[in-house]
Structure formats: structure tokens, C-alpha cells
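Q: After the C-alpha cells below, expect a handful of questions from me.
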Amino acid sequence: MTSFIGHDKVQRIFRQSYDKGTLHHAWILAGPKGLGKAGFAKQAAQFLLDSHIRGPANETGFNLDNESQGAKLLAARSHPDFRLVQRGGKTEKEEKKAREEGVDSLEEHELKRNISIAQIRDLQSLFATQPSISTYRIVVIDAIDDLERGGANALLKNLEEPPKDTVFLLVSHAPERLLPTIRSRCQILRFDPLDDGQMRQVLSDVAPKLNDVELNALVAAGEGSPGRSLQYVDAGLAELEGLAREIMRTGDKSNQIKSDLARKLSLKAATPRYQAFLARAPSLMAQHIKSAGKMPHNNAIELWREASNLAAMASPKALDNQAVIFRLGSLMGSLAQHDERA
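See the structure below:
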């Protein structure tokens, strides 16, 4: 397993702390969602769990062996010295699927809202004994932002009196919202967005069949977050963005583009493309307003604000897909009319 592209700095900090014998017992992996923090946590966990078979500290990075006993146990989700704490499934059926295939197999709507206090209390069985086959016991919480209040307080007790040879890796998309008492007991590793070259490399590795046009659209949409871009891989993002820009350029006075777009994206099979359009439409409008090179007019800002609110509430309120897309297209078309008046 290789290092995550663009995260050499945080890996170096973690590795140096280990090599110097000053490894902190709790780390907050902080940064916007989709940067690879959870993946880094799993790499760091394997690095520590395999530390008993590692030679002298004369290397950089993690240099993991995917054929080690620890790696195979982690892959099978059965390592006795490792716990991954995530939100569980809403129903018994979804919880069973999570146990058998992993939580990542569930969709967002199939997950519970929070990580419960019971899940944190269940960690006590790990702390009650010595590590079984490793030097360390590792707990990854993905994400600590999802902890309910009682769970956060229960975790705090473990951070205040950390079990021996235990390291906590706490993924956080919004560390400023965590309890100050939790933050104060952790070392923070901050993950930065990737640059465009790094984004292209990651996306090309994951989806090698992307053409240059689609790749460039995904890089722009991700804004430095590979995870965000990967949500749109199968959505035909370049085509959607091209149609949106055409509406904003011409106004689509005949309503042909927005009508066709609304009809196509309202089909059940087009759900990923519909969600991608909802996510990108406000950003594309903001880019269009900024590209005018003038101080944005209040009317243009109001159009963007209405589009942002509509896109945000469309799925939670189960609004009619076709009506939502047509309205978003109309708001985009109004930007063209605003440009003409300006």
C-alpha cells in the first residue's frame, strides 16, 4: 500500500512522532470531508499494529506490507486489537449488511444519525485486556463529529485516562465543533486540499477510463477533495456543466435546454446525475457571477441564494425532481438576462 497522494506532510509528522518515541495517545485527523482522512487512519492503524514486526526506524512514510498477518486481519475486519467505530444501520436488516459487508456498503439514508454512547462503551472490552498480537490497540472513530453528546462524554473519560498502549485516531470534518475538552487532549493533524495535479493523479488511478474533458470537470468539482469528485464519476459531469453554462450564457429563452434537462434528470435511473446537478448548480452560478469581473449585483446574489436553498432542500423535502431542475435552470437563465442589462 502506498502513501496517499498529497498527504506526505501529515504522514511524516505521525511517523516522526512514532520514531522519536513521543507518539501521542489521541489524534484528531482534521479537514474537509473527502480528503482521505479515514483512509489515512486505516493506514496509520496498520502501521502501528504491525510495529512489532518492523525493523529499525530508518525509513520514511508507512511502507506497509499488505501480506502481513495484521493487514489480512484488518481486511477481514477481524483484528483483535483494532476497533472501527462508525454510525450503524437504521434497521436490523441494514445493521446485518453493515456487519457482513462493512458500513461503507450502506447509503447515507440507511445509516443512523449518530454514533451512540453504547458503541463507545463497547470499547471497554478492548481495553480490559492486553493487546493480543500487536504492541498497540487502535481505535478509529469515523467520524467523531457523529458522536451523540453522551458518547462524546464517555470517550472523554478514555482520553483523560488513556488505556495503556492504546492510540485513538479520530476523523473530524469540523474539529471546531468538538468539545474543547476533547480537542485539548488530542494532537491535531490537519489535512489540506490537494492541488489540481494531485487530484488528476488520484482520479486517473481510480477511474482510468475518464477522458480529459470529464477529468477536468471532476477536478474542478472536487475543489481539492478526491472524495467529493468520486461522487460524480458516473454522472457525466462534463455534459451537465456544459449545459448549465450554455443556459447561463444564452438565457435559454426558448426553455428547450432546461426542459430537456429537467425531463432527463427526473428519471429514476438518472438519480446520480440529478444529485450531481443539485450539488454543482449553485457553485457554477457563483463561478459565473465572479467571472463577470464586476462587483456582483444584489439581484445576481439573490438568484444564487435561491438556487443554493432550493438545491439544499430538494432531497430532504422530496421535492419534484423535474420541477426542481427546471427552476434551477430558470435561475441560471436569469443570470444571462442580468448580464445583458449590466
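One point on numbering: in this note's numbering, the residue at position 114 of the sequence shown is 116, and numbering is uninterrupted.
Just so it is clear, CB atoms sit at the ideal spot from N, CA and C, and this is done for glycine as well.
So, under 8 Å CB-CB, Glu243 and Ala219 are touching, yes? Tell me the CB distance rounded to an integer number of Å.
A: The count along the sequence shown starts at 1 and reaches residue 243 at position 241. The count along the sequence shown starts at 1 and reaches residue 219 at position 217. 6 Å between Cβ atoms; contact.
Q: Going by DSSP, what residues sit across from Trp29 in a beta bridge?
A: By one-based count along the sequence shown, residue 29 stands at place 27. DSSP lists Leu171 and Gln189 as partners of Trp29.
Q: Would you call the segment 222–235 and the segment 65–75 in contact, with 3 or more CB pairs under 8 Å?
A: Because the criterion of three Cβ pairs below 8 Å is not met, the segment 222–235 and the segment 65–75 do not touch.
Q: For the segment 116–129 and the segment 72–81, state whether three or more C-beta atom pairs, one from each stretch, are separated by less than 8 Å.
A: The answer is no - the segment 72–81 does not touch the segment 116–129, with fewer than three Cβ pairs under 8 Å.
Q: Check the C-beta distance from Ala32 over to Pro177 and give it rounded, since I have them as a contact under 8 Å.
A: For this step, residue 32 is matched to residue 30 along the sequence shown. For this step, residue 177 is matched to residue 175 along the sequence shown. Rounded, the Cβ-Cβ distance is 4 Å, consistent with contact.
Q: Quick check on this structure: which residue in Gly72, Ala130, Leu149 and Val169 has the alpha carbon closest to the alpha carbon of Arg139?
A: On the sequence shown, residue 139 is found 137 positions in, with the first residue counted as 1. Checked all of Gly72, Ala130, Leu149 and Val169; the closest Cα to Arg139 is Val169.
Q: Within 10 angstroms of its Cβ, does Met297 collect 16 or more other Cβ (buried), or is it exposed?
A: The residue labelled residue 297 in the question sits at position 295 within the sequence shown. In this predicted model, Met297 has a pLDDT of only 49, less than 50, meaning its place in the structure is not dependable enough to derive any value.
Q: How would you call Glu216, buried or exposed, if buried means at least 16 neighbouring beta carbons within 10 angstroms?
A: For the purposes of this step, residue 216 is taken as residue 214 along the sequence shown, with counting starting at 1. Buried, because 16 or more other Cβ atoms sit within 10 Å of the Cβ of Glu216.
Q: Give the secondary structure of Val12 by DSSP, where H, G and I count as helix, E and B as strand, and everything else as coil.
A: Position 10 of the sequence shown, counting from 1, holds the residue named residue 12. The answer is helix: DSSP assigns Val12 an H, G or I state.
Q: Terminal residues of the continuous alpha helix (DSSP H) containing Phe84?
A: Numbered from its first residue, the sequence shown carries residue 84 at position 82. Run containing Phe84: none in the alpha helix (DSSP H); it sits in the beta strand (DSSP E), Phe84 to Val87.
Q: So, does the segment 183–192 touch the segment 21–35, judging by three or more C-beta pairs under 8 Å?
A: The answer is yes - the segment 21–35 touches the segment 183–192, with three or more Cβ pairs under 8 Å.
Q: Kindly list the residues whose CB is nearer than 8 Å to the CB of Val87, restricted to its own chain and excluding five residues on each side of it in sequence; keep chain order.
A: Position 85 of the sequence shown, counted from the start, is the residue given in the question as residue 87. If we look at Val87 and ignore the five residues flanking it on each side, its Cβ neighbours are Ile117, Gln121, Ile122, Leu125, Val141, Val142, Ile143 and Asp144.
Q: Pull up the DSSP beta-bridge partners for Arg139, would you.
A: Mapped onto the sequence shown, residue 139 falls at position 137. Its beta-bridge partners are Thr168.
Q: Where do the N-terminal and C-terminal ends of the alpha helix (DSSP H) with Val204 fall, by residue?
A: Residue mapping note: residue 204 aligns to position 202 of the sequence shown, counting from 1. First-last of the alpha helix (DSSP H) with Val204: Asp198 to Val208.
Q: Please work out which residues of its chain come closer than 8 Å, Cβ to Cβ, to His27, disregarding the five sequence neighbours upstream and downstream, and give them in chain order.
A: Locating residue 27 in the sequence shown gives position 25, counting from the first residue. Excluding positions up to five away in sequence, the list reads Leu161, Pro164, Thr168, Val169 and Phe170.
Q: Which first and last residues belong to the alpha helix (DSSP H) in which Gly244 is found?
A: The residue you call residue 244 lines up with position 242 of the sequence shown. Where Gly244 is concerned, the enclosing alpha helix (DSSP H) stretches over Leu239 to Thr252.
Q: Can you grab the Cα-Cα spacing for the pair Val1 / Pro284, in whole Å?
A: Given a span of 3 to 344 for the chain in the structure shown, any question on residue 1 remains unanswerable.
Q: Report the three-state DSSP secondary structure of Asp144 (helix, strand or coil).
A: Along the sequence shown, read from residue 1 onward, the residue named residue 144 stands at position 142. Three-state DSSP puts Asp144 in a strand.
Q: Measure the C-alpha to C-alpha separation of Gln18 and Ser136 and round it to an integer number of angstroms.
A: Residue mapping note: residue 18 aligns to position 16 of the sequence shown, counting from 1. Residue mapping note: residue 136 aligns to position 134 of the sequence shown, counting from 1. Spanning the two alpha carbons is a distance of roughly 20 Å.
Q: Taking the alpha-carbon positions, what's the Asn155 to Asp148 distance?
A: Along the sequence shown, read from residue 1 onward, the residue named residue 155 stands at position 153. Along the sequence shown, read from residue 1 onward, the residue named residue 148 stands at position 146. Those two C-alpha atoms are separated by around 13 Å.
Q: Would you call the CB atoms of Lys39 and Val173 closer than 8 Å?
A: To locate residue 39, count along the sequence shown from 1; it is residue 37. To locate residue 173, count along the sequence shown from 1; it is residue 171. Contact: yes.
Q: Tell me the DSSP secondary structure of Met297 in three-state form.
A: Your numbering for residue 297 matches position 295 in the sequence shown. In this prediction, Met297 has a pLDDT of 49, which is less than 50 and means its spatial position is unreliable; what the coordinates show is noted afterwards. Note: Met297 maps to coil in three-state DSSP.
Q: Quick check: Gly72 and Leu51, are their CB atoms within less than 8 Å of each other?
A: If you number the sequence shown from 1, residue 72 lands on position 70. If you number the sequence shown from 1, residue 51 lands on position 49. Yes, the pair counts as a contact, with Cβ atoms nearer than the cut-off.
Q: Using CA coordinates, which residue listed in Gly104, Ser317 and Gln258 is at the minimum distance from Gly335?
A: Position 333 of the sequence shown, counting from 1, holds the residue named residue 335. Among Gly104, Ser317 and Gln258, the Cα nearest to that of Gly335 is on Gln258.
Q: Here's the rule I'm using: 16 or more other beta-carbon atoms within 10 Å means buried, otherwise exposed. How should Asn213 be labelled?
A: Indexing the sequence shown from 1 puts residue 213 at position 211. That one is exposed.
Q: By how many angstroms is the C-alpha of His175 removed from the C-alpha of Arg185?
A: Within the sequence shown, numbered from 1, the residue matching residue 185 stands at position 183. Within the sequence shown, numbered from 1, the residue matching residue 175 stands at position 173. Each residue's Cα considered, the two are about 13 Å apart.
Q: Residues in its own chain within less than 7 Å of Thr183 by CB, not counting five upstream and five downstream?
A: Along the sequence shown, one-based indexing puts residue 183 at 181. Closer than 7 Å at Cβ, skipping near neighbours: Leu158.
Q: What are the boundary residues of the alpha helix (DSSP H) that Gly152 is part of?
A: In the sequence shown, the residue the question calls residue 152 occupies position 150. Residues Arg151 to Glu162.
Q: By the 10 Å Cβ neighbour count, where 16 or more other Cβ atoms means buried, how is Lys292 classified, buried or exposed?
A: Here residue 292 corresponds to residue number 290 of the sequence shown, with the count starting at 1. Exposed.
Q: On the three-state DSSP scale, how would you describe Gly335?
A: Looking up residue 335 in the sequence shown gives position 333. Helix at Gly335.
Q: Alpha carbon to alpha carbon, how far is Glu150 from Arg115?
A: As a working note, residue 150 is residue 148 in the sequence shown. As a working note, residue 115 is residue 113 in the sequence shown. Approximately 9 Å, taken between the alpha carbons.
Q: Please state whether DSSP places Leu76 in a helix, a strand or coil.
A: Mapped onto the sequence shown, residue 76 falls at position 74. Here Leu76 sits in helix by DSSP.
Q: Which residue wins for smallest C-alpha separation from Ala281, given the options Glu304, Ser332, Gly224 and Leu333?
A: Counting from one through the sequence shown, the residue named residue 281 turns up at place 279. Nearest of Glu304, Ser332, Gly224 and Leu333 to Ala281, Cα basis: Gly224.
Q: If we ignore side chains and look at the alpha-carbon of each, how far apart do Met201 and Met250 end up?
A: Locating residue 201 in the sequence shown gives position 199, where the first residue counts as 1. Locating residue 250 in the sequence shown gives position 248, where the first residue counts as 1. Approximately 27 Å, taken between the alpha carbons.
Q: Tell me the residue span of the alpha helix (DSSP H) that contains Lys44.
A: For the purposes of this step, residue 44 is taken as residue 42 along the sequence shown, with counting starting at 1. It spans Lys39 to Leu51 - the alpha helix (DSSP H) in which Lys44 sits, taken as one unbroken run.
Q: Buried or exposed: which applies to Asn323, given that a residue is buried once 16 or more other Cβ atoms fall within 10 Å of its Cβ?
A: As a first step, residue 323 must be located in the sequence shown, where it is residue number 321. Its Cβ being crowded by 16 or more others within 10 Å, Asn323 is buried.
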